[in-house]
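Asks: What follows is a structure written as structure tokens; I'll ask about it next.
Residue numbers (our numbering), protein chains in the order written: chain S, 361 to 435; chain W, 134 to 683.
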């Protein structure tokens, strides 16, 4: 299951690298980098149950609620 | 057989029913002579059920419309007697290529496995398919096809259905025991009975341009995301017979459908794809939108709904006509048994269970494809493009690319007609699955398994023939694979094989499969047992067991 304990071998180094990866980019460019990064990391994790748990945890507290159900455009 | 060309009109013919003092009562009326209605009519006709087939028009489909006919549909057409004609006339293809901007991302082979009669897909204009089905229906006899007979009202009670039908000579009334509505996405029957098809409408428009040209493209499915010749949108290219190519351009929701249909708009789009020096001729142009939706229930008492009348999907994945023909395949044998009094009417509820499940599967797949092709938000477009960018160099991202998950038949794994496995088998060909085809030999002559099973319930025995069969009260086709002494007793069809069939069925000597008339697996065992066979047939026909075996 989703590991919420400390698991990154060099936290400061990782955090600096994360910020560096976005240096000089516009928000739009950063969004592209983040999207690719998420996909690469998701593949590394692989297990959909873990990924789902991470998605839920990431959304928790944002906009006040869990992801809404898809709503059809018409009845 | 030479099929009619598009645009051929069939004359209105007055039916004797029109002058009858009281409405004439028929056993079965089918509304809609498209691929689904024709397939159902032929299937029922082959089972000896007289069919009245009504169609409001007087011609085959206008335009090529559904062009991709899947392997399973061709196998059904084989059973209906016109698979060879459709397959030979169509363009076979197994390969799809996906492009992003100016480069090819990857390609895929839909039928990587050898040893199947039919290819993954053939591309052929819908009107050619309808012409083949129509020719077969006429040759079969017993199918009373009435062009320009338009249903305007439907009423039903517990005993039957009463239709009001408009013709060029005025209205008449027509009764039937059972009604099959295969009258398309704007189904008159569905509306007349107060039902609706509910779901998601997609805010996007697409342009179909069928062009005739001499072109160097191979017979493959080519899909472009954001190509230089049509920036920001997707394009799909398919080859059809007779040097006709289907080009499908995504236009976006704001496109003006009337303006986009004009040659002034279409020709430059096509030229941008082909290059300025490739001559071509526009054959058919259409601008369309679509919805993924279905009716809540495909049966309302004595009325059954099939094809687009019952459910709709986006076109990516070719799940419209293919799933509709599979509806007909699922329903026809059940309706025939009910009409013959060999099964109770509740057998028809299994049509709903199985085909509503299939519709949901198709809607899920088509919706996922559409969401990928038409991202609904800025962030979904960013993720979509990130997947495409990574897919060029990273194999992991390719399974995430979705340019249409192409139609495969549903496995009715949860069907109440299945006898669950009691013996140890691998998952392939589990109860509910359509039988996989395999090469066989009949008296040394190469043949295909699927030409020798189905139509009726089929007992497929490996190695040995049972000494005694139970009295089943219905026709049981009997097939033995690789009989021990090379021959089969009277009433049995012997097939030889090279091991492919046994591998696909996970069969050992003694293994027995019970296949339904639509070639789906009903039950399987490691050893024949007459009582278990009888119980499985009863279960697969929704017939209550008369004797308790316990």
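We put the beta carbon where it would ideally sit given N, CA and C, even for glycine. Predicted model, so just to flag it, every value in this text is computed and none were measured.
(1) Just how far apart, CA to CA, sit residue 418 (chain S) and residue 512 (chain W)?
(2) Terminal residues of the continuous alpha helix (DSSP H) containing residue 496 (chain W)?
(3) Please report the residue range of the beta strand (DSSP E) in which residue 371 (chain W) lies.
(4) Using the beta-carbon of each residue, which ones in chain W are nearer than 7 angstroms to residue 403 (chain S)?
(5) Straight-line CA distance for residue 360 (chain W) to residue 446 (chain W)?
(6) Measuring only the C-alpha atoms, how far is residue 368 (chain S) from residue 375 (chain S)?
(7) Just list the alpha helix (DSSP H) runs in the segment 321-385 of chain W, keeping only unbroken ones of 4 residues or longer that don't cross its boundaries, in chain order.
(8) Mapping the DSSP letters down to three states, classify residue 681 (chain W) as helix, strand or coil.
(9) Can at least three beta-carbon pairs, one atom from the segment 394-403 of chain W and one from the segment 561-577 of chain W, be found at a separation below 8 angstroms?
(10) Report the neighbours of residue 175 (chain W) on chain S: residues whose CB is nearer than 9 angstroms to its CB, in chain order.
(11) Any Cβ of chain S within less than 8 angstroms of the Cβ of residue 520 (chain W)?
(12) Looking at residue 346 (chain W) and residue 381 (chain W), is the spacing between their C-beta atoms short of 8 angstroms?
(13) Would DSSP call residue 361 (chain S) helix, strand or coil?
(14) I'd like to confirm the pairing. Which residues does DSSP put opposite residue 202 (chain W) in its beta bridges?
(15) In the DSSP assignment, what residue or residues form a beta bridge with residue 676 (chain W)?
(16) Return the first residue and the last residue of the alpha helix (DSSP H) that residue 513 (chain W) is part of.
(17) Cβ closer than 7 angstroms: which chain S residues qualify as neighbours of residue 516 (chain W)?
(18) Just curious, the beta strand (DSSP E) that residue 278 (chain W) is in, first and last residue?
(19) In chain S, which residues lie less than 7 angstroms from residue 523 (chain W) when you measure between Cβ atoms?
(20) Which one of W:675, W:180, W:379 has the shortest CA to CA distance from residue 479 (chain W)?
(21) Beta-carbon separation of residue 186 (chain W) and residue 277 (chain W) under 8 angstroms?
(22) Residue 470 (chain W): which of W:176, W:151, W:158, W:271 sits nearest, CA to CA?
(23) Distance, Cα to Cα, residue 680 (chain W) vs residue 311 (chain W)?
(24) Closest Cβ-Cβ distance between residue 434 (chain S) and chain W: below 8 angstroms?
(25) Suppose contacts are defined by Cβ-Cβ distances below 8 angstroms. Is residue 491 (chain W) in contact with residue 450 (chain W) by that definition?
(26) Hey, residue 423 (chain W) and residue 431 (chain W) are a contact pair by Cβ (cut 8 angstroms); roughly how many whole angstroms apart?
(27) Using a Cβ-Cβ distance under 8 angstroms, would residue 376 (chain S) count as near chain W?
(28) Is residue 285 (chain W) helix, strand or coil by DSSP?
(29) Excluding five sequence neighbours on each side, which residues of the same chain lie with their C-beta closer than 7 angstroms to the C-beta of residue 385 (chain S)?
(30) Spatial neighbours of residue 629 (chain W) within its chain, please: CB distance less than 7 angstroms, with the 5 preceding and 5 following residues excluded, ordered by chain position.
(31) Pop quiz: residue 442 (chain W) and residue 317 (chain W) are said to be a contact at Cβ under 8 angstroms. What is the actual Cβ separation, rounded to whole angstroms?
(32) The alpha helix (DSSP H) spanning residue 221 (chain W) covers which residue range?
(33) In this structure, what does DSSP give as the bridge partners for residue 433 (chain W)?
(34) Quick check: is the beta carbon of residue 391 (chain S) nearer than 8 angstroms to any beta carbon in chain W?
(35) Could you say if the segment 284-293 of chain W and the segment 406-416 of chain W meet the contact criterion of at least three C-beta pairs nearer than 8 angstroms?
(36) Where DSSP assigns a beta bridge to residue 402 (chain W), which residues make up the other side?
Replies: So, from the listed chains and residues:
(1) Here residue 418 (chain S) corresponds to residue number 58 of the first chain, with the count starting at 1. Here residue 512 (chain W) corresponds to residue number 379 of the second chain, with the count starting at 1. Going by the C-alpha atoms only, they are around 15 angstroms apart.
(2) Taking the first residue of the second chain as position 1, residue 496 (chain W) is located at position 363. Run containing residue 496 (chain W): 480-506, per the alpha helix (DSSP H) assignment.
(3) Taking the second chain and counting its residues from 1, one reaches residue 371 (chain W) at position 238. That run of the beta strand (DSSP E) goes 367-373.
(4) Against the first chain, residue 403 (chain S) aligns to sequence position 43. Those are 529, listed as they occur along chain W.
(5) For the purposes of this step, residue 360 (chain W) is taken as the residue at position 227 of the second chain. For the purposes of this step, residue 446 (chain W) is taken as the residue at position 313 of the second chain. C-alpha separation (whole angstroms): 25 angstroms.
(6) As a first step, residue 368 (chain S) must be located in the first chain, where it is residue number 8. As a first step, residue 375 (chain S) must be located in the first chain, where it is residue number 15. So the alpha carbons of these two residues sit roughly 10 angstroms apart.
(7) 321-325
(8) In the second chain, the residue the question calls residue 681 (chain W) occupies position 548. Low local confidence applies: a pLDDT of 44 at residue 681 (chain W) is under 50, so the model's placement there is unreliable, with the coordinate-based value given in what follows. Reduced to three states, the DSSP call for residue 681 (chain W) is coil.
(9) no
(10) Numbered from 1 along the second chain, position 42 holds the residue referred to as residue 175 (chain W). In chain order: nothing, as chain S lies at least about 35 angstroms away.
(11) The sequence position of residue 520 (chain W) within the second chain is 387, counting from 1. Cβ-Cβ to chain S under 8 angstroms: yes for residue 520 (chain W).
(12) Stepping through the second chain from its first residue, residue 381 (chain W) is reached at position 248. Stepping through the second chain from its first residue, residue 346 (chain W) is reached at position 213. The answer is no: Cβ separation not under 8 angstroms.
(13) For the purposes of this step, residue 361 (chain S) is identified with residue 1 of the first chain, where counting begins at 1. Residue state, collapsed to three classes: coil.
(14) In the second chain, the residue the question calls residue 202 (chain W) occupies position 69. In DSSP, residue 202 (chain W) forms a bridge with W:255.
(15) In the second chain, the residue the question calls residue 676 (chain W) occupies position 543. Partner(s): none; residue 676 (chain W) has no beta bridge.
(16) Taking the second chain and counting its residues from 1, the one referred to as residue 513 (chain W) is at position 380. Run containing residue 513 (chain W): 511-524, per the alpha helix (DSSP H) assignment.
(17) One-based indexing of the second chain puts residue 516 (chain W) at position 383. Within chain S, the residues near residue 516 (chain W) are 395.
(18) One-based indexing of the second chain puts residue 278 (chain W) at position 145. Where residue 278 (chain W) is concerned, the enclosing beta strand (DSSP E) stretches over 276-280.
(19) As a first step, residue 523 (chain W) is located in the second chain; it is residue number 390 there, counting from the start. Simply 396, 399.
(20) Here residue 479 (chain W) refers to the residue found at position 346 of the second chain. Among W:675, W:180, W:379, the Cα nearest to that of residue 479 (chain W) belongs to W:675.
(21) Within the second chain, the letter at position 53 stands for residue 186 (chain W). Within the second chain, the letter at position 144 stands for residue 277 (chain W). Closer than 8 angstroms, so yes.
(22) To locate residue 470 (chain W), count along the second chain from 1; it is residue 337. Nearest option by C-alpha distance: W:176.
(23) As a working note, residue 680 (chain W) is residue 547 in the second chain. As a working note, residue 311 (chain W) is residue 178 in the second chain. Its pLDDT being 44, under 50, residue 680 (chain W) is placed unreliably by the model, and the measurement read from it follows with that caveat. Distance between the alpha carbons of residue 680 (chain W) and residue 311 (chain W): 30 angstroms.
(24) To locate residue 434 (chain S), count along the first chain from 1; it is residue 74. The predicted model places residue 434 (chain S) with a pLDDT of 41, which falls under 50 and marks its position as unreliable; any figure quoted below should be read in that light. Yes, its Cβ sits closer than 8 angstroms to a Cβ of chain W.
(25) Taking the second chain and counting its residues from 1, the one referred to as residue 491 (chain W) is at position 358. Taking the second chain and counting its residues from 1, the one referred to as residue 450 (chain W) is at position 317. No; because the gap between Cβ atoms is not below 8 angstroms, this pair is not in contact.
(26) In the second chain, residue 423 (chain W) corresponds to position 290, counting from 1. In the second chain, residue 431 (chain W) corresponds to position 298, counting from 1. Not a contact, Cβ separation roughly 20 angstroms.
(27) The sequence position of residue 376 (chain S) within the first chain is 16, counting from 1. Answer no: the Cβ-Cβ gap between residue 376 (chain S) and chain W never drops below 8 angstroms.
(28) Numbered from 1 along the second chain, position 152 holds the residue referred to as residue 285 (chain W). Here residue 285 (chain W) sits in strand by DSSP.
(29) Position 25 of the first chain, counted from the start, is the residue given in the question as residue 385 (chain S). Answer for residue 385 (chain S): 393, listed in chain order.
(30) Taking the second chain and counting its residues from 1, one reaches residue 629 (chain W) at position 496. Here the set comprises 573, 574, 615.
(31) In the second chain, residue 442 (chain W) corresponds to position 309, counting from 1. In the second chain, residue 317 (chain W) corresponds to position 184, counting from 1. About 6 angstroms; that satisfies the 8 angstroms criterion.
(32) The residue you call residue 221 (chain W) lines up with position 88 of the second chain. Start and end: 216-222.
(33) By one-based count along the second chain, residue 433 (chain W) stands at place 300. Partner(s): W:436.
(34) As a position in the first chain, residue 391 (chain S) is number 31, starting the count at 1. Yes, because at least one Cβ of chain W sits closer than 8 angstroms to the Cβ of residue 391 (chain S).
(35) no
(36) To locate residue 402 (chain W), count along the second chain from 1; it is residue 269. DSSP output for residue 402 (chain W) lists no bridge partner at all.
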